[in-house]
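**Q** Got a structure for you, questions after.
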Amino acid sequence: MTDRCSNTLLVLVGATGVGKTDLSIRLAQHYSCPIINADSRQIYRELPIGTAAPTEQEQACATHYFVGNKSITDSYNAGQYERDVLTLLDSLWSKHSVVIMTGGSMLYVDAVCYGLDAIPEVPTVIREQVNQQYEQYGLEWLQAQVQQLDPLYWQNADQANPQRLKHCLEVTLVAKRPYSSFRQMGVMGERDKQLTHRNFRIVKVGLERPREELYQRINTRVEQMLDLGLEEEARTVYPHKHLNSLQTVGYRELFAYFDGQTSREEAIRLIKQNSRHYAKRQLTWLRADTTIHWLDANMDYDKALDIIDGWLHADGLLQQNS
Numbered sequence: 004m005t006d007r008c009s010n011t012l013l014v015l016v017g018a019t020g021v022g023k024t025d026l027s028i029r030l031a032q033h034y035s036c037p038i039i040n041a042d043s044r045q046i047y048r049e050l051p052i053g054t055a056a057p058t059e060q061e062q063a064c065a066t067h068y069f070v071g072n073k074s075i076t077d078s079y080n081a082g083q084y085e086r087d088v089l090t091l092l093d094s095l096w097s098k099h100s101v102v103i104m105t106g107g108s109m110l111y112v113d114a115v116c117y118g119l120d121a122i123p124e125v126p127t128v129i130r131e132q133v134n135q136q137y138e139q140y141g142l143e144w145l146q147a148q149v150q151q152l153d154p155l156y157w158q159n160a161d162q163a164n165p166q167r168l169k170h171c172l173e174v175t176l177v178a179k180r181p182y183s184s185f186r187q188m189g190v191m192g193e194r195d196k197q198l199t200h201r202n203f204r205i206v207k208v209g210l211e212r213p214r215e216e217l218y219q220r221i222n223t224r225v226e227q228m229l230d231l232g233l234e235e236e237a238r239t240v241y242p243h244k245h246l247n248s249l250q251t252v253g254y255r256e257l258f259a260y261f262d263g264q265t266s267r268e269e270a271i272r273l274i275k276q277n278s279r280h281y282a283k284r285q286l287t288w289l290r291a292d293t294t295i296h297w298l299d300a301n302m303d304y305d306k307a308l309d310i311i312d313g314w315l316h317a318d319g320l321l322q323q324n325s
């Protein structure tokens with residue numbers, strides 16, 4: 004087995020819009036290493052604009068994995084991602100002593116860093132019962148059920164995403180324990196972080212900005228997405244709007260506009276608002292992880308690099324690239 008300390012996974016996290024992509028590319032160039040994407044929506048090739056996936060030009064600056072490698076019709080989850088990333092890392096360590104993983108899907112990040120408990124299979128009868136009740140009583144009923152049965156998950160969930168809420172409720176009913184209890188890390192920081200052995204060292208760096216600055220960046224990015232063709236992209240995937248892969252900010256709001264349920268102006272306002280709410284939930288999750296080293300995103304790059312180098316070489320554990 005590879006010496007755990009000879010290889011390091013540098014995990015760069017932070018709220019949406021904070022600047023992870025830019026820094027990860029500069030770090031990848033500095034360490035001559037690849038980047039593993041940990042955004043659960045950027046893996047879908049049909050959604051490059053609305054997920055702010057790395058552009059072709061950005062991907063040309065550093066090797067990226069798990070960007071546009073799946074279709075929205077593919078079924079994929081954090082457990083599969085964990086297995087795929089660990090397999091990839093086994094092949095990358097022969098060439099790199101540092102690999103960067105970055106993204107805002109914290110369940111995906113935690114799956115790689117700490118593993119996931121085996122989530123039970125949901126019987127068809129339970130799935131049908133939950134879906135029938137949802138169809139009868141609506142989103143507010145579903146939200147109330149999840150909030151009551153799994154308040155920990157509710158605190159950090161995408162509370163307007165019925166697919167994820169239904170999945171949480173289904174697993175909770177089958178397992179007779181909260182869905183959140185199957186996570187070994189994340190907001191449940193009190194759980195044993197060493198339950199799953201990894202044969203590599205993990206160093207987490209979190210990017211942060213003042214909240215008002217972050218929110219302004221999010222608003223500006225939404226406008227940029229629209230200029231790049233977000234509405235046209237959403238219309239292209241609109242026939243598949245029922246898919247779980249499309250139950251996400253940016254698409255839900257535009258689908259409601261396409262369905263005549265709201266105006267275009269209101270849809271844009273909601274995209275910005277829901278993106279800010281998502282960033283807030285990400286920060287709540289991240290703040291519970293005491294293993295993260297926090298870094299000011301406005302810091303001069305050379306100074307930031309010196310600090311990150313210090314964390315990577317702490318105790319002399321990191322070997323230089325060969």
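Just so we're aligned: 200 in the working numbering is position 197 of the sequence shown, and the numbers increase by one with no gaps anywhere. Here a beta-carbon is modelled for each residue, glycine too, at the ideal position from N, C-alpha and C.
For the segment 49 to 123, which segments carrying the beta strand (DSSP E) assignment without a break, of at least 3 residues, lie completely within its bounds, in sequence order?
**A** 101 to 105
**Q** Which full runs of the alpha helix (DSSP H) of 4+ residues lie inside the segment 246 to 314, going along the chain?
**A** 255 to 261 and 267 to 290
**Q** For residue 157, does the count of other Cβ atoms within 10 angstroms reach 16, so buried, or fall short, so exposed?
**A** buried
**Q** Suppose you measure from the CA of residue 39 to the CA of residue 131; what does that come to, to the nearest Å?
**A** In this model, residue 39 and residue 131 are separated by some 36 Å (Cα to Cα).
**Q** Who are the near neighbours of residue 294 in its chain, counting only those whose CB is closer than 6 Å to its CB and skipping five residues on each side?
**A** 207
**Q** By how many angstroms is the C-alpha of residue 127 removed from the C-alpha of residue 223?
**A** 43 Å
**Q** Assign residue 304 to buried or exposed, taking buried as 16 or more other Cβ atoms, counted over all protein chains shown, within 10 Å of its Cβ.
**A** exposed
**Q** Could you spell out the range, first to last residue, of the alpha helix (DSSP H) harbouring residue 169?
**A** 165 to 178
**Q** Can residue 107 and residue 18 be called in contact, C-beta distance under 8 Å?
**A** yes
**Q** CB residue 102 to CB residue 36, shorter than 8 Å?
**A** yes
**Q** Under 7 Å Cβ to Cβ from residue 153, same chain only, skipping five residues before and after it: list those, please.
**A** 171, 175, 181, 182 and 183
**Q** With contact counted as at least three CB pairs below 8 Å, one residue from each stretch, are the segment 249 to 258 and the segment 80 to 96 in contact?
**A** no
**Q** Just the C-alpha distance for residue 146 and residue 178, rounded to the nearest angstrom, thanks.
**A** 19 Å
**Q** Would you call residue 242 buried or exposed, if buried means 16 or more other Cβ atoms sit within 10 Å of its Cβ?
**A** Around the beta carbon of residue 242, fewer than 16 other beta carbons sit within 10 angstroms, so the residue counts as exposed.
**Q** Can you tell me whether residue 238 is buried or exposed? The criterion is at least 16 other CB atoms within 10 Å of its CB, across all chains shown.
**A** exposed
**Q** Could you name each continuous alpha helix (DSSP H) segment of 4 residues or more that falls completely within the segment 196 to 234, going from the start of the chain to the end?
**A** 214 to 231
**Q** Tell me, to the nearest whole angstrom, how far the beta carbon of residue 119 is from that of residue 185; I am working on the premise that it is less than 8 Å.
**A** 6 Å
**Q** So what's residue 240 in DSSP terms, helix, strand or just coil?
**A** If DSSP states are grouped into helix, strand and coil, residue 240 belongs with the helices.
**Q** Please say whether residue 236 and residue 53 have beta carbons closer to each other than 8 Å?
**A** yes
**Q** Using a threshold of 8 Å, state whether the C-beta atoms of residue 278 and residue 205 are closer than that.
**A** Note that the C-beta distance between residue 278 and residue 205 is not below 8 Å.
**Q** Taking 8 Å as the cut-off, decide whether the C-beta atoms of residue 137 and residue 169 are in contact.
**A** yes
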